[in-house]
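Novice: Below: one structure in structure tokens.
Numbering (this note's numbering), first residue to last: 2 to 508.
See the structure below:
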């Protein structure tokens, strides 16, 4: 701090007083004065008083003038303290605030992508003033900036108590979690909004709709702020991939006797969809003993569970009412009245985890239009060599393992089933083929003499001969695992006038 003292002003006042007094006082000595002059005598007697009065007047004038001058040149300023320690002085608090703002901006620009915290300490001020004070503001601000410190902060993403990564702030963490949920649920989903996705049939009518009921993480997800080093901040894209893919645990399985795709999926608590995705060579569910399956599954860090209500409109197939006619041969029939299909609305609740279906439950079924049954006149006159047209299940205690129809780009020509090992004729007829056929292994074909044929494949043993007449339910062979088979079962087909039929329409 610099102070200036103006002594010349007082010296000038004193000189002025002296010159004035000399003009009043003659230069002659007392001996030269006329002591008999009364006026002169009075002047001599008052000289000390005049001197004292003049001096006092000079001092008063000087004091008043000096006080006003000093007050006019007094400067107010602030002493700056950090954590109680004097740093220096500044003219105003705004200068310190501007310094802090500039330092924060410098930190932010020099650490892009990070949240930087400036540690200024506790800054306090003391009011000061002095004559002609000149605060050393620049030096004080420079010193104060040198006392500042800084550090980076981030937000840790915690899954079931385990930290999986750190991002720069809470907004980034929330955005990342929303993105993970959005991978398996519509992005427009909100807590109070039901989102529907419609599926359409070939004629453009609504076939089904999906209402998303809830989206949540199975694991306990949390975030917490923490001090970090810049290199600790994870790239959001890399952390996203880690959350949805996690670690990979390779696993393989060798098919055993009696295995099927669904059985293996249940055994390892995985979705059959995983098996099909990892083993694209599987066609028509056909796997055989010794096949090695890749059961490798991703182990994501988080699990997104969605609950959806799927509403479907399905047709109700009309029932068939048969009227017997003994004058018509067995297997012959005449339509008296065509049946009419009805409609029903089904609502299923689907629970999925990371997009894989975990459970499906029928929660509602409403008939929209009842079906009208068909009436058919049916002959009962029996010829053992001719079929009745009514097919029976070829195995007892049957359980279907694969259905008729297109799957994975190929046609499955019949039904696969397991149950009792004895194979029975589905209707009356004549055996027209015994032997092996490509894919079916040991096979029997029965002609029912009414346009229908039934095929029985993968047999381990054949108990009939070509040309033999069989009746419905008669024993013809033993279930096996021959041909292109994925385990012991029966492959059963129905042909009508040479064209494949869905056996479920007749059984």
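Idealized CB from N, CA, C, for every residue including glycine.
It should be emphasised that the depicted structure is a prediction, and the values quoted were computed from it without experimental measurement.
Provide the residue(s) that pair with residue 88 in DSSP beta bridges, ordered along the chain.
Specialist: If you number the chain shown from 1, residue 88 lands on position 87. Looking at the DSSP assignment, residue 88 forms no beta bridge with any residue, so it has no partner.
Novice: Output yes or no for whether 8 Å exceeds the beta carbon distance between residue 167 and residue 156.
Specialist: As a first step, residue 167 must be located in the chain shown, where it is residue number 166. As a first step, residue 156 must be located in the chain shown, where it is residue number 155. In this structure, residue 156 lies closer than 8 Å to residue 167 by Cβ.
Novice: Which same chain residues end up closer than 8 Å to residue 344 when comparing Cβ atoms and leaving out the 5 residues on each side of it in sequence?
Specialist: Taking the first residue of the chain shown as position 1, residue 344 is located at position 343. The answer, listed in chain order, is 314, 315, 316, 317, 368, 369, 370.
Novice: Kindly give me the distance between the Cβ atoms of residue 450 and residue 431, rounded to whole angstroms, as I take these residues to be in contact under 8 Å.
Specialist: On the chain shown, position 449 is the one that residue 450 refers to. On the chain shown, position 430 is the one that residue 431 refers to. Confirmed, Cβ separation roughly 7 Å.
Novice: Since residue 274 is in the alpha helix (DSSP H), which residue starts that stretch and which ends it?
Specialist: Here residue 274 corresponds to residue number 273 of the chain shown, with the count starting at 1. Taken as a continuous stretch (DSSP letters only), the alpha helix (DSSP H) holding residue 274 covers 273-279.
Novice: Taking the alpha-carbon positions, what's the residue 282 to residue 482 distance?
Specialist: Against the chain shown, residue 282 aligns to sequence position 281. Against the chain shown, residue 482 aligns to sequence position 481. Between residue 282 and residue 482, the C-alpha separation is close to 20 Å.
Novice: Give the range of the alpha helix (DSSP H) segment to which residue 265 is assigned.
Specialist: Indexing the chain shown from 1 puts residue 265 at position 264. Here the alpha helix (DSSP H) through residue 265 covers 262-268.
Novice: Let's test the definition: count the other Cβ atoms within 10 Å of the Cβ of residue 116 and tell me whether it reaches 16, buried, or not, exposed.
Specialist: For the purposes of this step, residue 116 is taken as residue 115 along the chain shown, with counting starting at 1. The residue is buried, with at least 16 neighbouring Cβ atoms inside 10 Å.
Novice: Am I right that residue 262 and residue 245 are in contact with their C-beta atoms under 8 Å? What's the rounded C-beta distance?
Specialist: Here residue 262 corresponds to residue number 261 of the chain shown, with the count starting at 1. Here residue 245 corresponds to residue number 244 of the chain shown, with the count starting at 1. That belief does not hold up - the Cβ atoms of residue 262 and residue 245 are roughly 25 Å apart, past 8 Å.
Novice: For residue 258, I'd like the list of residues in its chain whose CB is within less than 6 Å of its CB, leaving aside the five on either flank, ordered along the chain.
Specialist: Mapped onto the chain shown, residue 258 falls at position 257. So the list reads 290, once near-sequence residues are dropped.
Novice: Which residue spans inside the segment 200-249 form an unbroken alpha helix (DSSP H) run of at least 4?
Specialist: Within the segment 200-249, the complete alpha helix (DSSP H) runs of at least 4 residues are 237-246.
Novice: Return the chain-ordered list of same chain residues with a C-beta closer than 7 Å to the C-beta of residue 338, the five sequence neighbours on each side being excluded.
Specialist: Position 337 of the chain shown holds residue 338. Taken in chain order, the residues that qualify are 375, 376.
Novice: Alpha carbon to alpha carbon, how far is residue 295 from residue 321? Give it in angstroms, no decimals.
Specialist: Your numbering for residue 321 matches position 320 in the chain shown. Your numbering for residue 295 matches position 294 in the chain shown. Each residue's Cα considered, the two are about 46 Å apart.
Novice: CA-CA distance, residue 470 and residue 441?
Specialist: Stepping through the chain shown from its first residue, residue 470 is reached at position 469. Stepping through the chain shown from its first residue, residue 441 is reached at position 440. Those two C-alpha atoms are separated by around 22 Å.
Novice: Identify the continuous alpha helix (DSSP H) that holds residue 179 and give its terminal residues.
Specialist: Walking along the chain shown from the start, residue 179 turns up at place 178. That run of the alpha helix (DSSP H) goes 171-185.
Novice: Rounding to the nearest angstrom, what Cα-Cα distance links residue 388 and residue 418 in this structure?
Specialist: What you label residue 388 is simply residue 387 of the chain shown in a count that begins at 1. What you label residue 418 is simply residue 417 of the chain shown in a count that begins at 1. One C-alpha to the other measures close to 23 Å.
Novice: Spatial neighbours of residue 420 within its chain, please: CB distance less than 7 Å, with the 5 preceding and 5 following residues excluded, ordered by chain position.
Specialist: For this step, residue 420 is matched to residue 419 along the chain shown. Counting only Cβ-Cβ distances below 7 Å, and skipping sequence neighbours, we find 396, 397, 398, 399, 400.
Novice: Pull up the CB-CB distance for residue 209 and residue 311, whole angstroms please, since I reckon it's below 8 Å.
Specialist: By one-based count along the chain shown, residue 209 stands at place 208. By one-based count along the chain shown, residue 311 stands at place 310. Going by Cβ atoms, the distance from residue 209 to residue 311 rounds to 6 Å, so yes, they are a contact pair.
Novice: Within the same chain, show all residues whose beta-carbon is closer than 6 Å to that of residue 487, passing over the 5 residues directly before and after it, in chain order.
Specialist: On the chain shown, position 486 is the one that residue 487 refers to. Counting only Cβ-Cβ distances below 6 Å, and skipping sequence neighbours, we find 287, 288, 289.
Novice: What first and last residue would you give for the beta strand (DSSP E) that runs through residue 370?
Specialist: Against the chain shown, residue 370 aligns to sequence position 369. Start and end: 357-370.
Novice: Over what stretch of residues does the alpha helix (DSSP H) that includes residue 138 continue unbroken?
Specialist: On the chain shown, residue 138 is found 137 positions in, with the first residue counted as 1. 138-148 is the span of the alpha helix (DSSP H), which, as asked, contains residue 138.
Novice: Taking only three categories from DSSP, how would you classify residue 450?
Specialist: As a first step, residue 450 is located in the chain shown; it is residue number 449 there, counting from the start. Three-state DSSP puts residue 450 in coil, outside helix and strand.
Novice: On the criterion of 16 or more Cβ atoms from any shown chain inside 10 Å, does residue 498 qualify as buried, or is it exposed?
Specialist: For the purposes of this step, residue 498 is identified with residue 497 of the chain shown, where counting begins at 1. It counts as exposed.
Novice: Using DSSP with H/G/I as helix, E/B as strand and the rest coil, what is residue 1?
Specialist: No statement about residue 1 is possible, as the shown extent of the chain runs from 2 to 508 and does not include it.
Novice: By how many angstroms is the C-alpha of residue 477 removed from the C-alpha of residue 346?
Specialist: Here residue 346 refers to the residue found at position 345 of the chain shown. Here residue 477 refers to the residue found at position 476 of the chain shown. For residue 346 and residue 477, the distance between alpha carbons rounds to 43 Å.
Novice: Would residue 243 pass as a contact of residue 302 if the rule is Cβ separation under 8 Å?
Specialist: Stepping through the chain shown from its first residue, residue 243 is reached at position 242. Stepping through the chain shown from its first residue, residue 302 is reached at position 301. Yes.
Novice: Does the beta-carbon of residue 88 have 16 or more other beta-carbons within 10 angstroms, so that it is buried, or is it exposed?
Specialist: Counting from one through the chain shown, the residue named residue 88 turns up at place 87. When all chains shown are included, residue 88 counts as buried.
Novice: Assuming contact is defined by CB atoms lying nearer than 8 Å, are residue 219 and residue 304 in contact in what I supplied?
Specialist: What you label residue 219 is simply residue 218 of the chain shown in a count that begins at 1. What you label residue 304 is simply residue 303 of the chain shown in a count that begins at 1. Yes. Within cutoff.
Novice: Just to confirm my understanding: we take residue 33, look at its own chain, exclude 5 residues before and 5 after, and list those with CB closer than 6 Å. What are they?
Specialist: On the chain shown, position 32 is the one that residue 33 refers to. Confidence is the limiting factor: at residue 33 the pLDDT is only 46, short of 50, which leaves the residue's position unreliable, though a coordinate-based value still follows. Excluding sequence neighbours, residue 33 sits near nothing in its chain.
Novice: Which same chain residues end up closer than 7 Å to residue 507 when comparing Cβ atoms and leaving out the 5 residues on each side of it in sequence?
Specialist: As a position in the chain shown, residue 507 is number 506, starting the count at 1. Same-chain partners within the cutoff: 392, 495.
Novice: So, are the CB atoms of residue 444 and residue 436 less than 8 Å apart?
Specialist: In the chain shown, counting from the first residue as 1, residue 444 sits at position 443. In the chain shown, counting from the first residue as 1, residue 436 sits at position 435. Result yes, Cβ atoms of residue 444 and residue 436 sit closer than 8 Å.
Novice: With distance defined between alpha-carbon atoms, name the residue in 382, 102, 415 nearest to residue 1.
Specialist: Since the first residue of the chain shown is 2 and the last is 508, residue 1 is not available in this structure.
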